[in-house]
Amino acid sequence: MQNIIEELKKALKDEKIPNLAAAYLFGSATTGKLRQDSDIDIAILPVPGISKDEVLILISHVEDIIAKKLSKSGIKKDISIINMVDRFTSILLLFSVVSQGILIYDSERFRPYRIEFQNMILREYYDFVPYYLSEMRKRYKHA
Numbered sequence: 033m034q035n036i037i038e039e040l041k042k043a044l045k046d047e048k049i050p051n052l053a054a055a056y057l058f059g060s061a062t063t064g065k066l067r068q069d070s071d072i073d074i075a076i077l078p079v080p081g082i083s084k085d086e087v088l089i090l091i092s093h094v095e096d097i098i099a100k101k102l103s104k105s106g107i108k109k110d111i112s113i114i115n116m117v118d119r120f121t122s123i124l125l126l127f128s129v130v131s132q133g134i135l136i137y138d139s140e141r142f143r144p145y146r147i148e149f150q151n152m153i154l155r156e157y158y159d160f161v162p163y164y165l166s167e168m169r170k171r172y173k174h175a
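Read left to right, the sequence shown gives residues 33 to 175 (the numbering used here).
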């Protein structure tokens with residue numbers, strides 16, 4: 033899998049995608065638990081200020097690049113892409129992406145933005161997790 037990760041990094045870097053600040057590979061592909069029915073999970077961080085339509089085009093472009101690279105390597109997997117700035121993406125998932133995922137694309141121009149975004153996720157997660165754990169304990173106590 034390490035070879036595939038390096039190939040994905042190279043493929044994304046070679047494309048020089050203008051509206052992409054960063055992309056992460058996360059989930060079972062990074063833990064070594066990739067099964068036959070697993071998909072490839074990708075999280076993208078669009079550059080600030082682009083429209084929803086541009087984000088959809090970006091997602092499609094990234095998916096196309098990754099699908100072509102996987103196909104050339106003989107890997108037939110579904111690709112699942114999340115938008116990290118989507119307001120419906122949970123802080124738990126975002127924390128998992130930045131803490132356990134593998135950065136496969138990092139725009140030099142937007143690196144400060146990516147680092148700031150990662151730090152924001154970490155701050156929000158550590159502010160949120162005590163309340164989350166407290167609620168989970170209550171649920172299990174009453175179950």
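No residue lacks a Cβ here, since even glycine has one placed at the ideal position from N, Cα and C.
Answer yes if the segment 71-86 comes into contact with the segment 45-56, meaning at least three C-beta pairs across the two stretches below 8 Å, and no otherwise. yes
Those runs of the beta strand (DSSP E) which lie wholly inside the segment 40-124 and span at least 3 residues: 52-58, 72-78, 111-115
Hey, would you say residue 176 sits closer than 7 Å to residue 95, going by beta carbons? There is simply no residue 176 to check, as the chain begins at 33 and stops at 175 in what is shown.
In DSSP terms, what residue 138 is bridged to: Residue pairing by DSSP places residue 138 opposite 54 in a beta bridge.
Contact set for residue 91: own chain, Cβ-Cβ below 6 Å, skip 5 residues either direction: 113
What's the C-alpha gap between residue 104 and residue 143? 30 Å
So is residue 73 in contact with chain E if we call contact Cβ pairs under 7 Å? In summary, chain E is missing from the structure at hand, where a single protein chain is found.
Just to confirm, are residue 109 and residue 43 a CB contact at a threshold of 7 Å? no
Here's the rule: buried if 16 or more other CB atoms are within 10 angstroms of the residue's CB, otherwise exposed. What is residue 141? exposed
Within 7 Å, strictly: CB atoms of residue 160 and residue 123: yes
Rounded to whole angstroms, what's the CA-CA distance from residue 119 to residue 125? Just pull it up for me. Using only the alpha carbons, I get a separation of about 12 Å.
Would you mind sorting residue 57 into buried or exposed? The rule is 16 or more other CB atoms within 10 Å of its CB. buried
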